[in-house]
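I have placed the structure first, in the form of structure tokens, so that the comments after it can refer back to it.
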Amino acid sequence: MAPTIIPIRHAEALHKAQNYTVKDPPLTRKGLEIECHDLSQHLEKHVPLIQQVELIVTSPLKRTLQTTEAALDFLIKRGIPQSFKKQQKTPSIPGVLPQSSNKHGPITTGRKLIQETLLQRGAAARKWLANRSEKVIAVVSHASFLRFGLGNCKFANADFRIFELEETGDSAMKGPAMVEWESTKVLGGGMGRSVVGFHEWEVHDFKYMPGNEGKTREELEKMVLEAPFR
Numbered sequence: 001m002a003p004t005i006i007p008i009r010h011a012e013a014l015h016k017a018q019n020y021t022v023k024d025p026p027l028t029r030k031g032l033e034i035e036c037h038d039l040s041q042h043l044e045k046h047v048p049l050i051q052q053v054e055l056i057v058t059s060p061l062k063r064t065l066q067t068t069e070a071a072l073d074f075l076i077k078r079g080i081p082q083s084f085k086k087q088q089k090t091p092s093i094p095g096v097l098p099q100s101s102n103k104h105g106p107i108t109t110g111r112k113l114i115q116e117t118l119l120q121r122g123a124a125a126r127k128w129l130a131n132r133s134e135k136v137i138a139v140v141s142h143a144s145f146l147r148f149g150l151g152n153c154k155f156a157n158a159d160f161r162i163f164e165l166e167e168t169g170d171s172a173m174k175g176p177a178m179v180e181w182e183s184t185k186v187l188g189g190g191m192g193r194s195v196v197g198f199h200e201w202e203v204h205d206f207k208y209m210p211g212n213e214g215k216t217r218e219e220l221e222k223m224v225l226e227a228p229f230r
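If you're matching positions, the sequence shown starts at 1 in full-length UniProt numbering and goes up one per residue.
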């Protein structure tokens, strides 16, 4: 039986608050001290399922690692194993989840390839999760990947949703489907911070992709219409 998945978006990071060009930014003070604290308290006190988590899967960037350490510290202290894979070259982060990781090449650049890569990595991630033996898995990641790679819904900073994996679909761009729990679906995330509903590609998704600097809204809207979707 496929596991239940709890995807979590990282808290507010420096690039969102100040500068989109900052590479591998850390969390802001608000993100670390307020948003992570609120998320941790809510999960521990109001989400019984979180106590059943057997594995934490985390993106290897600073903002997700910091979110994992701050918001899921009560699980980490219990010895719940963490897993993360390096998808880009990032500096070492001493003191944060110190363990080995697999190093992969940088993400492919170019608008079309980035779109396809997101969808393909999402399908691969869902297949990997579906084949895990753990019954409940927490995944700490980023808005674009959580939206297009996993659940087709938006995540606000430091918000979470709960999904069941359906053991159907096996194409490279599809993979197993994810069905959201009604409790987080109707509220707009477990914290109630996220937008309700199903969301495809939008103009904003293309604005900061490599090669799109200076493009008009009309050009970006055309890209939206041509974008692949799972």
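Cβ coordinates follow ideal geometry from the N, Cα and C atoms, glycine included.
Buried or exposed: which applies to residue i, given that a residue is buried once 16 or more other Cβ atoms fall within 10 Å of its Cβ?
i: E12; result: buried
i: A130; result: buried
i: E182; result: exposed
i: V196; result: exposed
i: K154; result: buried
i: G192; result: exposed
i: T28; result: buried
i: T40; result: Just to set this straight, residue 40 is Ser in the shown sequence, not Thr. Classification of S40: buried, given that the 10 Å Cβ count is 16 or more.
i: H104; result: Low local confidence applies: a pLDDT of 34 at H104 is under 50, so the model's placement there is unreliable, with the coordinate-based value given in what follows. Exposed: under 16 other Cβ atoms inside 10 Å.
i: P48; result: exposed
i: M1; result: exposed
i: V179; result: exposed
i: E69; result: buried
i: A138; result: buried
i: G79; result: exposed
i: S194; result: buried
i: T184; result: buried
i: A124; result: exposed
Among the options, which has the Cα closest to the Cα of residue i?
i: L119; options: I137, S133 and F145; result: F145
i: T64; options: K127, A177, V186 and Q82; result: Q82
i: T117; options: A177, F148, V139 and F163; result: F148
i: Q51; options: G122, D73 and E166; result: D73
i: S141; options: S59, K135, Q66 and I76; result: S59
i: K45; options: A71, G151, K215 and R132; result: A71
i: V136; options: D24, K222 and V53; result: V53
i: G175; options: K127, A138, K215 and F163; result: K127
i: P26; options: I6, L55 and L61; result: L61
i: G122; options: K30, R132 and L150; result: L150
i: Q66; options: T216, L43 and G31; result: G31
i: G189; options: I162, E219 and D24; result: I162
i: V57; options: I6, T216 and G214; result: I6
Considering only DSSP beta bridges, list what residue i is partnered with.
i: N82; result: The amino acid at residue 82 is misidentified as Asn; the sequence shows Gln. I56, per the DSSP bridge assignment.
i: L165; result: M178
i: A13; result: L27
i: A138; result: I6 and I56
i: F160; result: I8
Tell me, to the nearest whole angstrom, how far the beta carbon of residue i is from that of residue j; I am working on the premise that it is less than 8 Å.
i: P3; j: L165; result: 6 Å
i: R9; j: A143; result: 6 Å
i: R132; j: L55; result: 7 Å
| field | Stretch-stretch touch, CB-based, cutoff 8 Å, three pairs: the segment 148-161 with the segment 34-41 | value | yes
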